[in-house]
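Only one structure is covered here, and it is reproduced in the block below.
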Amino acid sequence: MAEPVYISKEKKEELQKELDFLKSTKRKEIIESLEYSKSLGDLSENAEYHQAREEQAKLEEKIVALEDLLRDSIIVSDSKKSTSEVSVGSVVVVHKGQGKSDIKYTIVGSEEADILEGKISNTSPLGRAFIGKKKGDKVTVNTPGGEIIYKIVNIK
Numbered sequence: 269m270a271e272p273v274y275i276s277k278e279k280k281e282e283l284q285k286e287l288d289f290l291k292s293t294k295r296k297e298i299i300e301s302l303e304y305s306k307s308l309g310d311l312s313e314n315a316e317y318h319q320a321r322e323e324q325a326k327l328e329e330k331i332v333a334l335e336d337l338l339r340d341s342i343i344v345s346d347s348k349k350s351t352s353e354v355s356v357g358s359v360v361v362v363h364k365g366q367g368k369s370d371i372k373y374t375i376v377g378s379e380e381a382d383i384l385e386g387k388i389s390n391t392s393p394l395g396r397a398f399i400g401k402k403k404g405d406k407v408t409v410n411t412p413g414g415e416i417i418y419k420i421v422n423i424k
């Protein structure tokens, strides 16, 4: 069984809007493109028709993937977020190595991960290492450059 995908309520709404757009507007555009290319004649040598069919297949694949994601995803709720141990939705404040400066990470589902914003996936090596840990715990993460030790300073 696949790991569950965690998303925020906002991300779910964003994905639902994208799905609605693909099913209504984009699907109609491709159908119109198919109809036009059929009108050009011989389908066996009709590049426009074959391209439109390829676009249609990709679109339907994306629609199915979004429907599956929306159906199977778990909404991360702020009200259910624990501050006693790290879980999806937690903001974790850590010190790296012997450092004393705060580094802040938000643990999110893979759909929302963005390291530039400090959002790390619960399925990433760092995210997996933090999940379930408590304030004061030391976490060792193996990287290509060697082991890095993080100390959890706070969980919000």
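Residue numbers (our numbering): 269 to 424.
Ideal Cβ placement from N, Cα and C applies to all residues, glycine included.
- In the three-state scheme derived from DSSP, where H, G and I count as helix and E and B as strand, residue 276 is classed as strand.
- Partner residues in the beta bridge of residue 363, as assigned by DSSP, are 419.
- Within the same chain, and ignoring the five residues on either side of residue 345 in sequence, the residues whose Cβ sits closer than 8 Å to its Cβ are 277 and 357.
- Put simply, the stretch 336 to 344 touches the stretch 273 to 292. At least three CB pairs are less than 8 Å apart.
- Residue 399 carries a coil assignment under DSSP once its states are collapsed to helix, strand and coil.
- In this structure, residue 364 lies away from residue 420, with their beta-carbon atoms at least 8 Å apart.
- Separation of the CB atoms of residue 298 and residue 334 is rounded to 16 Å, and the pair is thereby denied contact status at 8 Å.
- When the Cα atoms are used, residue 303 and residue 316 turn out to be separated by approximately 10 Å.
- For residue 354, no alpha helix (DSSP H) segment is defined, and its DSSP state is neither H nor E.
- A direct Cα-Cα distance of roughly 22 Å separates residue 387 from residue 286.
- The C-alpha of residue 321 is placed about 9 Å away from the C-alpha of residue 301.
- Looking at the backbone, the Cα of residue 395 and that of residue 355 are separated by about 9 Å.
- Within its own chain, the residues whose Cβ lies closer than 8 Å to the Cβ of residue 399, once the five positions on either side in sequence are excluded, are 354, 355, 356, 375 and 390, listed in chain order.
- In the DSSP assignment, residue 383 falls outside any alpha helix (DSSP H) and carries neither an H nor an E.
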